[in-house]
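K.L.:
Our numbering applies: residue -11 is where the sequence shown begins, and numbers increase by one.
No residue lacks a Cβ here, since even glycine has one placed at the ideal position from N, Cα and C.
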Amino acid sequence: MTKDYLKDASLQTKVINIGVDTDAAHGSVMPPIYLSTNFSFEGLGKKRTYDYARSGNPTREIIAEVIAELEGGAGAVMTASGLAALDLLWQDLDRANPIAPAATPDPTAPKSKRVVVPHDCYGGTQRLLNARHKQGLIECVYVDQSDEAALSAALAEPTALLLLETPSNPLMRLIDLEKLIKLGQDAGARVAVDNTFLSPALQNPITFGADYVVHSTTKYINGHSDVIGGALVCAHAADVLPMRWWANCVGATAPAFDSYMTLRGVRTLFVRIKQAQESAQAVAEYLHNHPAVKVVHYPGLPSHPQHDLAKRQQKGPGAMMSFELAGGLEAVKTVFEDIDLFSLAESLGGVESLIVHPGSMTHAAMSPEAQATAGIAPGLVRLSIGLEDAADLIKALDKALGRLA
């Protein structure tokens, strides 16, 4: 439980202090890791708080409390990956309470399996959605979430869930969260927002009315590229226990060690984000002025079409960006052959800077037609800016881009 003196503290203070100095047994300042798979009963029929680690674990409970507090939610479910967190959403589209003795669907819930999703969503999300669609678990409908008319048309049919991503991956397109969340809810849908790209340090969708927030905690929340994990944050208290039940039922809960590592990583979230986005701004400005670069997608640039929205909706532009090389795919190959400092690797949000080619890496699960529709050009490059000195990052890019002259 959050200590009383933390209730009015800033999020930066809370993320460091939740769970600290709560060990009654030994006075450990930092919460210990509980690796035990099972917990003893006090006696026959006398169960303690925890019995089996898949169902509940003290270490996992602390990181869940931290994430829920950061997002302003009623509770969070920690999962084995971001996609596992996302997959929980389809389990309860009829809003039946699986914990009740006779679970019946919520009569106010849409009689629909329809899920409306951004056409340019993360490639792994699209792969999962397409698979669930083929299974008949959901009816997946893709739409350009920046086209309000198209989104309204998609929501005209009964819809169970609207999934939003902002900024989008990899083109950094923004949407007006408050407006689109209301649009979805007015149509009778629950609304979930994937907040991985910005983290709770820079954006809090629940403050704009979202019902759920999804994270790949692998990224900024852990921040050290050494743990796979996810989180589903519920805005409404009534949703927390059902979602935890489903996570336990399908075996999606996060292991204790991964929970411990994520808890250790999240303590420095705010200082990491501050440094990374300062460097990202400098890198974006450099790329914007480079003759080999056709366009830079970064909300911190005045040239970004939703620059004003970013200033209004986000607490900062973040440390993710993409840019398109004028020379197309051949230019990408040339740059990647001679890039220093940036690791050619997928994922994002770690202390190290990464460079990827979305078309053949992060979004390879999308067909060429789907990539073209989403605006993912062959010459598109995505950067995750880490904690290196900005001058060194620019020097590395300048050397590689210099080969295109």
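1) Is glycine 7 helix, strand or coil by DSSP?
2) Can you tell me whether DSSP reads arginine 178 as helix, strand or coil?
3) Can you tell me which of the three DSSP states glycine 218 falls into?
4) Going straight from the alpha carbon of valine 280 to that of alanine 388, what length do you get?
5) Quick one, which of Asn45, Gly306 and Asp132 has its alpha-carbon nearest threonine 361's?
6) Determine the extent of the alpha helix (DSSP H) in which lysine 383 is found, giving its start and end residues.
7) For histidine 278 versus tyrosine 286, is the C-beta spacing smaller than 8 Å?
8) Can you tell which of Gly374, Ser310, Ser16 and Glu53 has the C-alpha that lies nearest to the C-alpha of threonine 350?
9) Per DSSP, what kind of secondary structure is methionine 66 in: helix, strand or coil?
10) Report the rounded CA-to-CA distance for alanine 148 versus leucine 171, giving the unit in angstroms.
11) Could you give the distance in angstroms between the alpha-carbon of isoleucine 51 and the alpha-carbon of valine 181?
12) Just curious, the alpha helix (DSSP H) that isoleucine 55 is in, first and last residue?
13) Glycine 337 to alanine 137, Cα distance in whole Å?
14) Pull the bridge partners of valine 281 from the DSSP assignment, please.
15) Measure how close the beta-carbons of valine 320 and glutamate 334 come, nearest whole angstrom, since I'm counting them as under 8 Å.
16) Quick check on the DSSP output: what are the complete alpha helix (DSSP H) runs of length 4 or more inside the region 206 to 258, in order along the chain?
17) Do you know how far the Cα of glutamine 359 is from the Cα of proline 20?
18) Give me the Cα-Cα distance between glutamate 59 and valine 221, rounded to the nearest whole angstrom.
19) Can you grab the Cα-Cα spacing for the pair isoleucine 6 / alanine 365, in whole Å?
20) Per DSSP, which residues does isoleucine 343 bridge with? Please list them.
21) By the DSSP assignment, the alpha helix (DSSP H) with arginine 300 in it spans what residues?
22) Measuring alpha carbon to alpha carbon, tell me which of Leu151, Arg115 and Gly70 ends up nearest arginine 102.
23) Since serine 204 is in the beta strand (DSSP E), which residue starts that stretch and which ends it?
24) Cα separation between proline 86 and glycine 176?
25) Going straight from the alpha carbon of glycine 347 to that of leucine 368, what length do you get?
26) Tell me the residue span of the beta strand (DSSP E) that contains phenylalanine 357.
27) Check the DSSP bridge columns for cysteine 109 and list the partner residues they point to.
28) In angstroms with no decimal places, state the Cα-to-Cα distance between serine 100 and arginine 115.
29) For valine 323, tell me which candidate among Asp386, Tyr130 and Leu190 has the shortest Cα-Cα distance.
30) By the 10 Å Cβ neighbour count, where 16 or more other Cβ atoms means buried, how is threonine 25 classified, buried or exposed?
31) Compare the C-alpha of glutamate 376 against each of Leu342, Asp199 and Asn118 and name the closest.
32) Within the same chain, show all residues whose beta-carbon is closer than 7 Å to that of tryptophan 233, passing over the 5 residues directly before and after it, in chain order.
33) Can you check DSSP and say which residues form a bridge with lysine 34?
34) Thinking C-alpha only, which one of Val228, Leu297, Val339 and Val201 is nearest glutamine 263?
35) Can you tell me the Cα-Cα spacing of leucine 257 and glycine 306, whole angstroms?
36) Can you tell me which of Ile209, Thr47, Val201 and Leu143 puts its alpha carbon nearest to the alpha carbon of tyrosine 248?
P.N.:
Looking at the atomic coordinates:
1) Glycine 7: coil per DSSP, three-state reduction.
2) If DSSP states are grouped into helix, strand and coil, arginine 178 belongs with the strands.
3) In this structure, glycine 218 counts as strand in the three-state DSSP scheme.
4) The sequence shown places alanine at residue 280, rather than the valine named in the question. For alanine 280 and alanine 388, the distance between alpha carbons rounds to 11 Å.
5) Of the listed residues, the one whose Cα sits closest to threonine 361 is Asp132.
6) For lysine 383, the enclosing alpha helix (DSSP H) starts and ends at 378 to 389.
7) Going by C-beta atoms, histidine 278 is not nearer than 8 Å to tyrosine 286.
8) If we check each option's Cα against that of threonine 350, Ser310 comes out closest.
9) Strand at methionine 66.
10) If you draw a straight line from the Cα of alanine 148 to the Cα of leucine 171, it is about 13 Å long.
11) For isoleucine 51 and valine 181, the distance between alpha carbons rounds to 20 Å.
12) Note, isoleucine 55: alpha helix (DSSP H), 46 to 59.
13) Roughly 33 Å between the two C-alpha positions.
14) Looking at the DSSP output, valine 281 shares a beta bridge with Leu313.
15) Actually they are not in contact, since the Cβ atoms of valine 320 and glutamate 334 sit about 15 Å apart, beyond 8 Å.
16) You should have 225 to 238 and 244 to 254.
17) Here the alpha carbon of proline 20 sits roughly 45 Å from the alpha carbon of glutamine 359.
18) A straight line joining the alpha-carbon of glutamate 59 with that of valine 221 spans about 7 Å.
19) If you draw a straight line from the Cα of isoleucine 6 to the Cα of alanine 365, it is about 44 Å long.
20) Answer by DSSP bridge pairing, in chain order: Leu332 and Leu371.
21) Its alpha helix (DSSP H) spans residues 295 to 301.
22) Taking each of Leu151, Arg115 and Gly70 in turn and checking the Cα distance to arginine 102, the smallest one comes out for Leu151.
23) Unbroken beta strand (DSSP E) run through serine 204: 200 to 204.
24) Between proline 86 and glycine 176, the C-alpha separation is close to 21 Å.
25) Inter-residue distance for glycine 347 and leucine 368 is about 8 Å (C-alpha atoms, whole angstroms).
26) The question names phenylalanine, yet the displayed sequence has glutamate at residue 357. Not the beta strand (DSSP E): glutamate 357 falls in the alpha helix (DSSP H), residues 356 to 362.
27) None, per the DSSP bridge assignment.
28) The alpha-carbon atoms of serine 100 and arginine 115 are separated by roughly 21 Å.
29) Of the candidates Asp386, Tyr130 and Leu190, the one whose C-alpha sits nearest the C-alpha of valine 323 is Asp386.
30) Counting the other CB atoms within 10 Å of its CB gives threonine 25 a total below 16, which places it among the exposed residues.
31) For glutamate 376, the nearest C-alpha among the options comes from Leu342.
32) The answer, listed in chain order, is Pro86 and Ile87.
33) Lysine 34 pairs with Gly31.
34) Ranking the options by Cα distance to glutamine 263, first place goes to Val339.
35) Going from the Cα of leucine 257 to the Cα of glycine 306 covers about 12 Å.
36) Measuring from the Cα of tyrosine 248, the nearest candidate turns out to be Thr47.
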